[in-house]
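First the structure, in the form of structure tokens, and then the observations on it.
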DNA sequence: AAATCTATATATAAACT
DNA sequence: TAGTTTATATATAGATT
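Residue numbers (the UniProt record's numbering), protein chains in the order written: chain L, 1 to 162; chain Y, 1 to 162.
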């Protein structure tokens, strides 16, 4: 935006595009860091680019060990699930309810769990990183999802193939 | 930053913190949109806050339908896996190799798949959204991960319990 | 509480090294 | 190609409504 105002469109010049990407990538991460610090919220930014073999995942890779150790001490998110369900029925006073739910969610580190699960299942984090407790928990979670998927497939088979 | 320079630390005043969050949240999303457009890259930003029941997931929720329909036509990411493995052996000319891999990854929409998988498994997107083809694919992926987890658990049992 | 308005801090495009 | 500089566009803190 400085020196000259740039049109918001794909930059066709390769080196200019790359330069812009590098500058703006660091700018975006900086902004993410700031909002996190200033507002005490959790944020995550993922940038895929042709300039790096891995996506730039902020703040996850550097923080992975901390996230994993939190995950290890976490209980199954049962109460959390219930809380979320309650929300969908009570749309009045949404924010108050939500604030409570978010606090609960933060307390029991559901976010960290889903991040770690995501990273493991998508191959970005090796299962070797997980403790035996993590693995039991993850095994249960994955099995549960598999059952849901299977039920859904049976539903399709009953309705569309018979 | 305007009017006065603000110290980069948690804002303890509730309403000030909320106001700052709202302003910066939109700023961050705008920046993410810009880098995406200008540089032709894929990016994703997730913001958890106590002010909204769901995390602000950009650009995923609005784009979910498009992402899902891409996912439906996707082949298993076998070639992609191989490509990524090759990379870890060939650290010379990293960027050239990476550029190819990224293009492949973009072409076969691996990113979209992992996003959708993440959303489904973490409960943010109902399995009802998926076609029968998606479900078969996801079922295979989840089963595969379950086998890896089980092997890992057996490893622990052999080494630490017997 | 949310929207609008400024003055100022910050981000960044282009130039230069 | 990457780092540094600088002029300008943008983002945003605080004030106001």
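Every residue gets a Cβ at the ideal spot worked out from N, C-alpha and C, and that includes glycine.
| Bounding residues of the beta strand (DSSP E) (the contiguous stretch that carries residue 46 (chain Y)) | By 1-based counting over the second chain, the position of residue 46 (chain Y) is 46. Note, residue 46 (chain Y): beta strand (DSSP E), 42-48.
| query | Just the Cα atoms here: how many angstroms apart are residue 148 (chain Y) and residue 150 (chain L)? | reply | Taking the first residue of the second chain as 1, we reach residue 148 (chain Y) at position 148. Taking the first residue of the first chain as 1, we reach residue 150 (chain L) at position 150. Taking the straight line joining both Cα atoms gives about 19 Å.
| said: Can you list, in chain order, the residues of its chain with a C-beta nearer than 6 Å to that of residue 10 (chain L)? Leave out the 5 residues immediately preceding and following it. | reply: Within the first chain, residue 10 (chain L) is the residue found at index 10, counting from 1. Closer than 6 Å at the Cβ level, and outside the excluded window around residue 10 (chain L), lies no residue.
| query | How far does the alpha helix (DSSP H) with residue 31 (chain L) in it reach, from first residue to last? | reply | Along the first chain, read from residue 1 onward, the residue named residue 31 (chain L) stands at position 31. Segment 14-39, the alpha helix (DSSP H) holding residue 31 (chain L).
| task | Label residue 15 (chain Y) either buried or exposed according to how many other C-beta atoms from any shown protein chain fall within 10 Å of its C-beta, with 16 as the threshold for buried. | result | Translated into positions along the second chain, residue 15 (chain Y) becomes position 15. Exposed: under 16 other Cβ atoms inside 10 Å.
| Under 7 Å from the C-beta of residue 5 (chain L): neighbouring residues of chain Y | Numbered from its first residue, the first chain carries residue 5 (chain L) at position 5. Those within 7 Å of residue 5 (chain L) in chain Y number zero; the least Cβ separation is about 13 Å.
| said: Does chain Y have any CB closer than 8 Å to the CB of residue 154 (chain L)? | reply: Mapped onto the first chain, residue 154 (chain L) falls at position 154. Chain Y, which has no Cβ nearer than 8 Å to the Cβ of residue 154 (chain L), makes this no.
| request: Report yes if the CB atom of residue 49 (chain L) is closer than 8 Å to the CB atom of residue 6 (chain Y), and no otherwise. | output: As a first step, residue 49 (chain L) must be located in the first chain, where it is residue number 49. As a first step, residue 6 (chain Y) must be located in the second chain, where it is residue number 6. Taking the C-beta atoms as reference points, residue 6 (chain Y) is found no nearer than 8 Å to residue 49 (chain L).
| message | Does residue 36 (chain Y) pass the burial test, meaning 16 or more other C-beta atoms within 10 Å, or should it be called exposed? | response | In the second chain, residue 36 (chain Y) corresponds to position 36, counting from 1. Classification for residue 36 (chain Y): buried.
| residue 15 (chain L): contacting residues in chain Y (beta-carbon distance under 8 Å) | For this step, residue 15 (chain L) is matched to residue 15 along the first chain. In chain order: nothing, as chain Y lies at least about 12 Å away.
| Should residue 24 (chain L) be flagged as near chain Y, meaning a C-beta pair shorter than 8 Å? | Translated into positions along the first chain, residue 24 (chain L) becomes position 24. For residue 24 (chain L), the answer is yes, since a Cβ of chain Y falls inside 8 Å of its Cβ.
| request: Output, in sequence order along the chain, the residues in the stretch 28-49 of chain L whose CB is closer than 8 Å to any CB in chain Y. | output: 28, 31, 32, 34, 35, 37, 38, 39, 40, 41, 42, 43, 44, 45, 46, 47, 48, 49
| Beta carbon of residue 8 (chain Y) nearer than 8 Å to that of residue 28 (chain L) | The residue you call residue 8 (chain Y) lines up with position 8 of the second chain. The residue you call residue 28 (chain L) lines up with position 28 of the first chain. Taking 8 Å as the Cβ cut-off, residue 8 (chain Y) and residue 28 (chain L) do not qualify as a contacting pair.
| field | Euclidean distance between Cα positions of residue 13 (chain L) and residue 33 (chain Y) | value | By 1-based counting over the first chain, the position of residue 13 (chain L) is 13. By 1-based counting over the second chain, the position of residue 33 (chain Y) is 33. It is roughly 19 Å from the alpha-carbon of residue 13 (chain L) to the alpha-carbon of residue 33 (chain Y).
| Nearest to residue 19 (chain L) by CA position, among L:58, L:142, L:51, is which residue? | Here the question's residue 19 (chain L) lines up with position 19 in the first chain. Of the candidates L:58, L:142, L:51, the one whose C-alpha sits nearest the C-alpha of residue 19 (chain L) is L:51.
| said: Measuring only the C-alpha atoms, how far is residue 155 (chain Y) from residue 58 (chain L)? | reply: In the second chain, counting from the first residue as 1, residue 155 (chain Y) sits at position 155. In the first chain, counting from the first residue as 1, residue 58 (chain L) sits at position 58. Spanning the two alpha carbons is a distance of roughly 32 Å.
| message | Within 10 Å of its beta-carbon, does residue 68 (chain Y) have 16 or more other beta-carbons around it, so buried, or fewer, so exposed? | response | Translated into positions along the second chain, residue 68 (chain Y) becomes position 68. Annotation note: pLDDT 32 at residue 68 (chain Y) (below 50); position unreliable, coordinate value reported separately. Answer is buried; the Cβ neighbour count reaches 16.
| query | Can you list, in chain order, the residues of its chain whose CB lies under 8 Å from that of residue 2 (chain L), leaving out five sequence neighbours each side? | reply | By 1-based counting over the first chain, the position of residue 2 (chain L) is 2. The answer is none, since no qualifying residue turns up.
| Do residue 146 (chain Y) and residue 146 (chain L) have their CB atoms nearer than 8 Å? | Here residue 146 (chain Y) is taken as the residue at index 146 of the second chain, counted from 1. Here residue 146 (chain L) is taken as the residue at index 146 of the first chain, counted from 1. If you check the CB distance, residue 146 (chain Y) and residue 146 (chain L) come in under 8 Å.
| Inter-residue spacing [alpha-carbon to alpha-carbon] between residue 142 (chain L) and residue 4 (chain Y) | In the first chain, residue 142 (chain L) corresponds to position 142, counting from 1. In the second chain, residue 4 (chain Y) corresponds to position 4, counting from 1. Looking at the two C-alpha atoms, the distance is approximately 50 Å.
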